[in-house]
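**Q** First the structure, then my questions, so here it is.
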């Protein structure tokens, strides 16, 4: 019989979507206070794969990703999703006459084999983790590249984020330490 084993540590990431690019810095500060130093940031990208958030958040929308230096146990994803939901609410409370939702924060993690994202919404391909949080394998690493699954969101399937995700995967393989480029 196989004995229970602790899973390998993972690389925690967070995707951010907002119409207010300036909120990315404010959110990054609060996320770093909770999850540790940020060792990798993506560039700010246009988020134009869907109009799902337009009414709630405004448009145009922008996307940015962060990765956190400390490697963590995968079960941190539950706490990460609960904390990012609380941060979203705090940013919304300070919006005044602005959009109902100022920023969308989507935590997830990377292993050598996959990208897992957290969600508060159940669906056939999501697994319940606890405290209202579900986990979804969004991309798989196969044959040296990220591969989409039938349910992968179009923006993740497009390849637009694969450079950032691959670099975060490299940081994971080096124990969470990003090599300096000189």
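Numbering (the working numbering), first residue to last: 50 to 231.
The beta carbon of each residue, even a glycine, is placed where N, CA and C say it ideally should be.
Note that the coordinates shown come from a computational prediction; the quantities given were computed from them, not determined experimentally.
(1) With 16 other CB atoms within 10 Å as the buried threshold, where does residue 108 fall?
(2) In whole angstroms, what is the alpha-carbon distance linking residue 52 and residue 81?
(3) Sort 134, 79, 193, 162 by Cα distance to residue 58 and report the nearest one.
(4) For residue 168 and residue 185, which I take to be in contact (beta-carbon distance under 8 Å), what is that distance rounded to the nearest angstrom?
(5) Between the alpha carbons of residue 97 and residue 210, how many angstroms are there, rounded?
(6) What number of angstroms, rounded off, separates the C-alpha of residue 111 from the C-alpha of residue 70?
(7) Are the beta-carbon atoms belonging to residue 126 and residue 217 less than 9 Å from one another?
(8) If you draw a straight line from the alpha carbon of residue 113 to that of residue 65, how long is it in whole angstroms?
(9) Once DSSP output is grouped into helix, strand and coil, what is the label at residue 147?
**A** In brief:
(1) Locating residue 108 in the chain shown gives position 59, counting from the first residue. Its Cβ having fewer than 16 others within 10 Å, residue 108 is exposed.
(2) Residue 52 sits at position 3 when you count from the first residue of the chain shown. Residue 81 sits at position 32 when you count from the first residue of the chain shown. When rounded, the distance between both Cα atoms is 35 Å.
(3) Within the chain shown, residue 58 is the residue found at index 9, counting from 1. It is 162 whose Cα lies nearest to the Cα of residue 58.
(4) Numbered from 1 along the chain shown, position 119 holds the residue referred to as residue 168. Numbered from 1 along the chain shown, position 136 holds the residue referred to as residue 185. At roughly 6 Å, the Cβ-Cβ gap stays under 8 Å, so residue 168 and residue 185 are in contact.
(5) Residue 97 sits at position 48 when you count from the first residue of the chain shown. Residue 210 sits at position 161 when you count from the first residue of the chain shown. Answer to the nearest angstrom: the Cα atoms are 13 Å apart.
(6) Looking up residue 111 in the chain shown gives position 62. Looking up residue 70 in the chain shown gives position 21. Each residue's alpha carbon lies about 7 Å from the other.
(7) As a working mapping, residue 126 is identified with position 77 in the chain shown. As a working mapping, residue 217 is identified with position 168 in the chain shown. Result no, Cβ atoms of residue 126 and residue 217 do not sit closer than 9 Å.
(8) Translated into positions along the chain shown, residue 113 becomes position 64. Translated into positions along the chain shown, residue 65 becomes position 16. Distance between the alpha carbons of residue 113 and residue 65: 5 Å.
(9) Here residue 147 refers to the residue found at position 98 when the chain shown is read from its first residue. Looking at residue 147 - three-state DSSP - the assignment turns out to be coil, as it is neither helix nor strand.
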